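Visitor: Residue numbers (the working numbering): 130 to 469.
Just so you know, even glycine gets a beta-carbon here, dropped at the ideal spot from N, CA and C.
Here the structure is a predicted model, which means the values were calculated and not measured.
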Amino acid sequence: MNTDDTYSMDPINPDGPPTVSESLAAMPEYVGNYKLTGVVGQGGMGIVYKAKQENPHRDVAIKVLRPEQMTEKRLQRFEQEGELLGKLNHPAIAKVYEVGLFNSVEGKQPFIAMELIEGQKLLDYVESNKLTTEEKLVLLEEIGDGVAYAHQQSVVHRDLKPSNIMVTNEGHVQILDFGVASSLDSENQLQTMLTDVGQLVGTLTYMSPEQASGNSREVDTRSDVYALGGIAYKMLSGNYTHAVNLIPLPEAIRMICEDVPALLGTFSPEFKGDIETIVGKALEKDKERRYKSVSMFVDDIQRHRNNEPIEARPPSTVYVLSRFAKRNKVAVTAAVFLSM
């Protein structure tokens, strides 16, 4: 089972996030015009309820965002994005029906009413169905197509991770939570994770270096490219790019910004060559060296599957050595001194 939505005892918040029973006890009867019927799940950013809508009559998912994360400025941005999110219409993106505010005992609270997806989270689906590499690449294409479409509509996800991607009972991808992370900047995302160990494991693992460093002005579509590279790495190898759940947050951020993950080919000879190069390019620390768009990432996957030459090229020896030198200035200086 994947660990993207597991929760551990938090040294900063010993009580951790509320349990399902606590969330049920605190569950309001209605959110807007939606009658709540149960708890689907919860994370650092909010709680997801199952609900019924009367007109039209259908089951929906309601994500209620935690009020402590929403300043007046963020609430305004959240509402402004609602109209745009509602216009996203792609087979790989869970449909957003409404974005709004409701009055709770804690004041105005934002919510998102969205399509209720029946299926499994991405990594659970991959594991339970024992997917081949080819089948995993097909899923990655579907995910990439959905993200590329959103980018064309000027929507950057900012929090792509396996737990935000469902696979339906029919085997099709549904991407969740567009717009949720963008109501927070990178610094506030990190602050959220400090109060939720589960959120730390699930989000920081796939966060780009520019996001991990808290530089929200540097976040763009290539940040989603990086996240897709991390998802591909995990799907294919079964390993995270960096084991950030085992180390303190400052060291985890340093690793994401500086340390290059093991090449995919070290896990299986099957990944050497094209697959290793494609995923490696998506995971470049310098966003200028990544694919310029998600579409280019998807195109290279398709070229590989069609036995056509891919556009990406492995990093040159000079570039690899220059990165090594930057990370190991003391060792390189000593080696030069000893060689004199």
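Helix, strand or coil, according to DSSP, for E264 in the structure here?
Guide: As a position in the sequence shown, residue 264 is number 135, starting the count at 1. Helix, per DSSP.
Visitor: Could you say which of I222, H219 and F240 lies nearest to E208 if we only look at CA atoms?
Guide: As a working note, residue 208 is residue 79 in the sequence shown. Among I222, H219 and F240, the Cα nearest to that of E208 is on F240.
Visitor: Whole angstroms are fine: how far does the CA of T350 sit from the CA of S422?
Guide: Here the question's residue 422 lines up with position 293 in the sequence shown. Here the question's residue 350 lines up with position 221 in the sequence shown. Their backbone Cα atoms lie some 7 Å apart in a straight line.
Visitor: Please list, in chain order, all residues of the same chain as V427 whose beta carbon is under 7 Å from its beta carbon, the five residues on each side excluded.
Guide: Looking up residue 427 in the sequence shown gives position 298. Cβ within range, chain order: E270, G273, D274 and A277.
Visitor: In chain order, what residues of the same chain have a beta carbon less than 6 Å from the beta carbon of T370, not counting five sequence neighbours either side?
Guide: As a first step, residue 370 is located in the sequence shown; it is residue number 241 there, counting from the start. Excluding residues within five positions, the ones whose Cβ falls inside 6 Å are G359, Y362 and P390.
Visitor: Rounded to the nearest angstrom, what separates P444 and P157 at their Cα positions?
Guide: Along the sequence shown, one-based indexing puts residue 444 at 315. Along the sequence shown, one-based indexing puts residue 157 at 28. Looking at the two C-alpha atoms, the distance is approximately 54 Å.
Visitor: Checking the sheet assignment: what are the DSSP bridge partners for K179?
Guide: Locating residue 179 in the sequence shown gives position 50, where the first residue counts as 1. Note: K179 sits in a beta bridge opposite G167 and A190.
Visitor: What is the DSSP secondary structure of T200, reduced to helix, strand or coil?
Guide: As a working note, residue 200 is residue 71 in the sequence shown. Coil at T200, not helix or strand.
Visitor: What do you get for N184, buried or exposed, if any count of 16 or more other CB atoms within 10 angstroms of its CB means buried?
Guide: Stepping through the sequence shown from its first residue, residue 184 is reached at position 55. Its Cβ having fewer than 16 others within 10 Å, N184 is exposed.
Visitor: Where does R419 land, buried or exposed, given buried means 16+ other C-beta within 10 angstroms?
Guide: On the sequence shown, residue 419 is found 290 positions in, with the first residue counted as 1. Burial call: buried.
Visitor: What are the start and end residues of each continuous beta strand (DSSP E) run of 3 or more residues lying completely inside the region 228-304, in chain order?
Guide: 236-244, 248-250, 294-297 and 302-304
Visitor: Starting from the Cα of V287, find the closest Cα among A341, Q171 and M295 and give me that residue.
Guide: Position 158 of the sequence shown holds residue 287. A quick correction: the sequence has Arg, not Val, at residue 287. When each option's Cα is compared against that of R287, the closest is A341.
Visitor: Per the DSSP calculation, V160 is bridged to which residue(s)?
Guide: Position 31 of the sequence shown holds residue 160. DSSP output for V160 lists Y163 as bridge partner(s).
Visitor: Quick check on V408: does DSSP put it in helix, strand or coil?
Guide: Looking up residue 408 in the sequence shown gives position 279. Reduced to three states, the DSSP call for V408 is helix.
Visitor: Label N293 either buried or exposed according to how many other C-beta atoms from any shown protein chain fall within 10 Å of its C-beta, with 16 as the threshold for buried.
Guide: Position 164 of the sequence shown holds residue 293. Answer is buried; the Cβ neighbour count reaches 16.
Visitor: By the 10 Å Cβ neighbour count, where 16 or more other Cβ atoms means buried, how is S257 classified, buried or exposed?
Guide: Numbered from its first residue, the sequence shown carries residue 257 at position 128. That one is exposed.
Visitor: Let me confirm a value: S352 is counted as buried when at least 16 other C-beta atoms fall within 10 Å, else exposed. Which label applies?
Guide: Sequence index remark: in the sequence shown, residue 352 carries index 223 (1-based). With 16 or more Cβ atoms within 10 Å of its Cβ, S352 is classed as buried.
Visitor: Determine the DSSP secondary structure at S422, reduced to helix, strand or coil.
Guide: As a working note, residue 422 is residue 293 in the sequence shown. Under the three-state reduction of DSSP, S422 is assigned to coil, being neither helix nor strand.
Visitor: Please report the straight-line C-alpha distance between G394 and A411, rounded to a whole angstrom.
Guide: Translated into the one-based positions of the sequence shown, residue 394 becomes position 265. Translated into the one-based positions of the sequence shown, residue 411 becomes position 282. Taking the straight line from one Cα to the other gives about 16 Å.
Visitor: Taking 8 Å as the cut-off, decide whether the C-beta atoms of H280 and P220 are in contact.
Guide: Start at 1 with the first residue of the sequence shown, and residue 280 comes out as number 151. Start at 1 with the first residue of the sequence shown, and residue 220 comes out as number 91. No; because the gap between Cβ atoms is not below 8 Å, this pair is not in contact.
Visitor: Answer yes or no: the CB of H219 versus the heavy atoms of the ligand MN, is any distance below 7 Å?
Guide: Judged by which ligands are present, the structure shown has none, so any question about the ligand MN falls away.
Visitor: Quick one, are the C-beta atoms of K192 and V168 less than 8 Å apart?
Guide: Numbered from 1 along the sequence shown, position 63 holds the residue referred to as residue 192. Numbered from 1 along the sequence shown, position 39 holds the residue referred to as residue 168. No, the Cβ-Cβ distance between K192 and V168 is not below 8 Å.
Visitor: For T159, count neighbouring C-beta atoms within 10 Å of its own C-beta (all shown protein chains included) and say buried if the count is 16 or more, exposed if not.
Guide: The residue given as residue 159 occupies position 30 in the sequence shown. For the sequence presented, residue 159 should be read as Tyr rather than Thr. Residue environment: Y159 is assigned as exposed (fewer than 16 neighbouring CB atoms within 10 Å of its CB, all protein chains considered).
Visitor: Please report how far the alpha carbon of L252 lies from the alpha carbon of I407, in whole angstroms.
Guide: Numbered from its first residue, the sequence shown carries residue 252 at position 123. Numbered from its first residue, the sequence shown carries residue 407 at position 278. Cα to Cα, L252 sits roughly 20 Å from I407.
Visitor: Check for me: the alpha helix (DSSP H) holding P354 runs from which residue to which?
Guide: Locating residue 354 in the sequence shown gives position 225, counting from the first residue. One point to set straight first is that residue 354 is Val, not Pro, in the sequence displayed. Run containing V354: T350 to S366, per the alpha helix (DSSP H) assignment.
Visitor: Between the C-alpha atoms of S233 and L268, what's the straight-line distance to the nearest angstrom?
Guide: Reading the sequence shown from its first residue, position 104 is the one you call residue 233. Reading the sequence shown from its first residue, position 139 is the one you call residue 268. Distance between the alpha carbons of S233 and L268: 39 Å.
Visitor: Which same chain residues, not among the five before or five after F307, have their C-beta less than 7 Å away from its C-beta?
Guide: In the sequence shown, the residue the question calls residue 307 occupies position 178. Hits under 7 Å: L214, L217, I222, A279, V284 and H286.
Visitor: Where does S312 sit, in a helix, a strand or coil, going by DSSP?
Guide: Position 183 of the sequence shown holds residue 312. Reliability of the predicted coordinates at S312 is poor, the pLDDT of 46 falling under 50, and the value obtained from them is presented with this limitation in mind. Three-state DSSP puts S312 in a helix.
Visitor: In the DSSP output, which residue or residues are listed as bridge partners for I222?
Guide: Stepping through the sequence shown from its first residue, residue 222 is reached at position 93. The partner list for I222 (beta bridge, DSSP) reads I304.
Visitor: T261: which of D188, N162, L365 and P438 sits nearest, CA to CA?
Guide: Against the sequence shown, residue 261 aligns to sequence position 132. Of the candidates D188, N162, L365 and P438, the one whose C-alpha sits nearest the C-alpha of T261 is L365.
Visitor: Name the two residues that bound the continuous alpha helix (DSSP H) containing A381.
Guide: As a first step, residue 381 must be located in the sequence shown, where it is residue number 252. First-last of the alpha helix (DSSP H) with A381: L378 to E387.
Visitor: Please work out which residues of its chain come closer than 6 Å, Cβ to Cβ, to V255, disregarding the five sequence neighbours upstream and downstream, and give them in chain order.
Guide: To locate residue 255, count along the sequence shown from 1; it is residue 126. Once the five neighbours on either side are set aside, the close Cβ partners of V255 are M364.
Visitor: Measuring CA to CA, which of E235, V228, K237 and Q249 is closest to M243?
Guide: As a first step, residue 243 is located in the sequence shown; it is residue number 114 there, counting from the start. For the residues E235, V228, K237 and Q249, the minimum Cα distance to M243 belongs to V228.
Visitor: Quick one: give me the first and last residue of the alpha helix (DSSP H) that E339 is part of.
Guide: Here residue 339 refers to the residue found at position 210 of the sequence shown. E339 -> alpha helix (DSSP H) spans P338 to A341.
Visitor: Within this structure, are the beta carbons of G248 and M295 separated by less than 8 Å?
Guide: Residue numbering aside, residue 248 sits at position 119 when the sequence shown is read from its first letter. Residue numbering aside, residue 295 sits at position 166 when the sequence shown is read from its first letter. Taking 8 Å as the Cβ cut-off, G248 and M295 qualify as a contacting pair.
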